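Since the structure comes first, as structure tokens, the remarks are kept for the end.
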Amino acid sequence: DTEVTQTPKHLVMGMTNKKSLKCEQHMGHRAMYWYKQKAKKPPELMFVYSYEKLSINESVPSRFSPECPNSSLLNLHLHALQPEDSALYLCASSLGQGGSTNEKLFFGSGTQLSVL
Amino acid sequence: SQQGEEDPQALSIQEGENATMNCSYKTSINNLQWYRQNSGRGLVHLILIRSNEREKHSGRLRVTLDTSKKSSSLLITASRAADTASYFCATDRIPGGGNKLTFGTGTQLKVEL
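Residue numbers (our numbering), protein chains in the order written: chain A, 21 to 136; chain B, 3 to 115.
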């Protein structure tokens, strides 16, 4: 299984809602990532988990709260979002072996989020 | 600021032609990767080239890396309509590499029949 599965595929939420994005992989990868991508722009790194510990937070606003319950799952909890947070949210994973930088990322298909 | 800038921003060619995309970056790197993204979908890894390598091939893909010029190119030979996608270079930086990939601005490739 070489897939990263993201749910839901589409999400519409109001600014007062609380929702969660989910990501799952069963490749035994120990590094997992959240990226945000606006239309016609490159993905921007938000968070990196390494061995279930948050290792990188790219100064993301606190209305985005990541969680890594176990080595296969990654969640992104959303609360009080703004319309400018509307974007494609991509999850990715990599082997995460010993901090090696020569690793390719496996991406999910993303969640298209619209904040009204 | 973006670590990688790509040109051209958009490229339209006929099926069977070759497509060349360029990526420039600002700081020293451990490796450079290329990814493809079909519209509204996730990214797919194409090829990784290490900083001590100059050229790498994978099927119809050829990647070059010139660390003295801080640039890389991706060549797709004998293009097909299915190659229509956005292509991104991605780098990890020295210091502070680890798992922190930064993506370039991307090239939108359209291959017409």
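In this text, a Cβ means the ideal position worked out from N, Cα and C, and glycines have one as well.
Since the model is a prediction, treat every value here as computed from it, not as a measurement.
Residues that leucine 50 of chain B contacts on chain A, provided the C-beta gap is smaller than 7 Å: Counting from 1 along the second sequence, the entry for residue 50 of chain B is found at position 48. The answer, in chain order, is Asn122 and Lys124.
Using a Cβ-Cβ distance under 8 Å, would threonine 107 of chain B count as near chain A? Your numbering for residue 107 of chain B matches position 105 in the second sequence. Interface residue, yes.
Buried/exposed call for methionine 35 of chain A, threshold 16 Cβ in 10 Å: Taking the first sequence and counting its residues from 1, one reaches residue 35 of chain A at position 15. The residue in question, methionine 35 of chain A, is exposed, as its Cβ has fewer than 16 Cβ neighbours within 10 Å.
Taking DSSP as the reference, what is the three-state secondary structure of glutamate 1 of chain B? Residue 1 of chain B is absent from the model: chain B starts at 3 and stops at 115.
So what does DSSP say about proline 86 of chain A, is it helix, strand or coil? Translated into the one-based positions of the first sequence, residue 86 of chain A becomes position 66. In this structure, proline 86 of chain A counts as strand in the three-state DSSP scheme.
Taking 7 Å as the limit between beta carbons, can you name the residues of its chain near arginine 62 of chain B, skipping five residues before and five after? As a first step, residue 62 of chain B must be located in the second sequence, where it is residue number 60. Ile78, Thr79 and Ala80.
At 8 Å on the CB atoms, spell out the chain B contacts of leucine 108 of chain A, in chain order. Position 88 of the first sequence, counted from the first residue, corresponds to residue 108 of chain A. Residues of chain B with a Cβ closer than 8 Å to the Cβ of leucine 108 of chain A are, in chain order, Gly42.
Consider the Cβ of leucine 45 of chain B: report whether some Cβ of chain A lies at a distance smaller than 8 Å. Indexing the second sequence from 1 puts residue 45 of chain B at position 43. Yes, contact with chain A.
Taking 8 Å as the CB-CB limit, is leucine 103 of chain B close to chain A? In the second sequence, residue 103 of chain B corresponds to position 101, counting from 1. Using a Cβ-Cβ cut-off of 8 Å, leucine 103 of chain B counts as an interface residue toward chain A, since at least one Cβ of chain A sits closer than that to its own.
Straight-line Cα distance separating arginine 82 of chain B from histidine 46 of chain A: Position 26 of the first sequence, counting from 1, holds the residue named residue 46 of chain A. Position 80 of the second sequence, counting from 1, holds the residue named residue 82 of chain B. Whole-angstrom Cα-Cα distance: 32 Å.
Taking C-alpha atoms, which residue in A:His30, A:Arg50, A:Glu44 and A:Gly130 lies nearest to serine 75 of chain A? Locating residue 75 of chain A in the first sequence gives position 55, counting from the first residue. Of the candidates A:His30, A:Arg50, A:Glu44 and A:Gly130, the one whose C-alpha sits nearest the C-alpha of serine 75 of chain A is A:Arg50.
Can you find a C-beta in chain B that's less than 8 Å from the C-beta of proline 62 of chain A? For the purposes of this step, residue 62 of chain A is taken as residue 42 along the first sequence, with counting starting at 1. So yes, proline 62 of chain A belongs to the interface.
Could you please give me the residues that DSSP links to glycine 6 of chain B through a beta bridge? On the second sequence, residue 6 of chain B is found 4 positions in, with the first residue counted as 1. Partner(s): B:Tyr27.
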